[in-house]
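See structure below.
Numbering (the numbering used here), first residue to last: 66 to 263.
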């Protein structure tokens with residue numbers, strides 16, 4: 066059981082790297098073969114960026130893919146390599162959205178897979194270690210999570226706030242409907258009077 070929030074990140078990385086070692090997979094992804102340079106092919110790419118499979122981002126990506134597809138991580142290694150090679154750490158947000166059938170993910174209600182809802186980049190030193198001023202906590206600076214962009218994961222608080230907003234919208238809709246109903250009644254009454262006179 067982790068003693069602090071940040072212990073879970075080192076444990077996640079250690080678990081995945083141990084599985085890679087037991088499967089005999091290297092911790093650095095091999096560079097892909099060079100693609101044919103064809104300007105007419107819009108899908109051609111030559112990403113030769115080396116991928117470190119012991120980073121938290123890669124371990125998070127392969128864990129998300131393996132959990133979603135109910136497979137071992139060995140089946141998702143190449144997909145995680147491609148994701149990190151092409152989109153980097155920010156690709157985890159796109160992956161999270163894709164795994165939710167393309168729907169946008171609201172990280173206020175869904176725990177961020179990278180930072181586990183703390184809102185800071187777990188690979189960077191936190192504000193207390195660096196000695197940031199207290200007011201910078203609310204100003205948005207370099208420590209925010211690149212996936213959820215520092216969204217505050219508090220589903221209980223945001224759910225209550227959202228229910229209040231929905232109640233206000235519902236009350237406004239009821240008032241507006243009553244106004245429209247009375248307007249329809251007046252219009253109908255005028256047309257009725259005209260037809261009776263003629």
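Glycine is no exception: its CB is placed at the ideal position from the N, C-alpha and C atoms. Since the structure is predicted, the reported quantities are computational estimates derived from the model, not experimental observations.
Separation of residue 139 and residue 86 (C-alpha to C-alpha, rounded to the nearest whole angstrom) is 11 Å. Residue burial annotation: residue 172 is buried, with at least 16 other C-beta atoms found within 10 angstroms of its C-beta. Residue nearest to residue 178 within the set 145, 213 and 148 is 213 (criterion: CA-CA distance). DSSP places residue 74 in the uninterrupted alpha helix (DSSP H) bounded by 72 to 88. When only Cα atoms are considered, residue 115 and residue 76 end up about 23 Å apart. DSSP, reduced to helix, strand and coil, places residue 117 within a strand of the structure shown.
DSSP, reduced to helix, strand and coil, places residue 209 within a strand of the structure shown.
For residue 151, the uninterrupted alpha helix (DSSP H) run begins and ends at 142 to 151, by DSSP. Around the beta-carbon of residue 240, fewer than 16 other beta-carbon atoms lie within 10 Å, marking it exposed.
Taking the CA atoms as reference points, residue 95 sits about 21 Å from residue 157. Shown here, residue 128 sits in a helix according to DSSP, grouped into three states. For residue 162, the uninterrupted alpha helix (DSSP H) run begins and ends at 156 to 164, by DSSP.
Beyond the five residues adjoining it in sequence on each side, residue 188 comes within less than 7 Å, by CB distance, of 121 in the same chain, given in chain order. The three-state reading of DSSP puts residue 175 in coil, since its state is none of H, G, I, E or B. In this structure, DSSP gives residue 96 a state outside helix and strand, which the three-state scheme calls coil.
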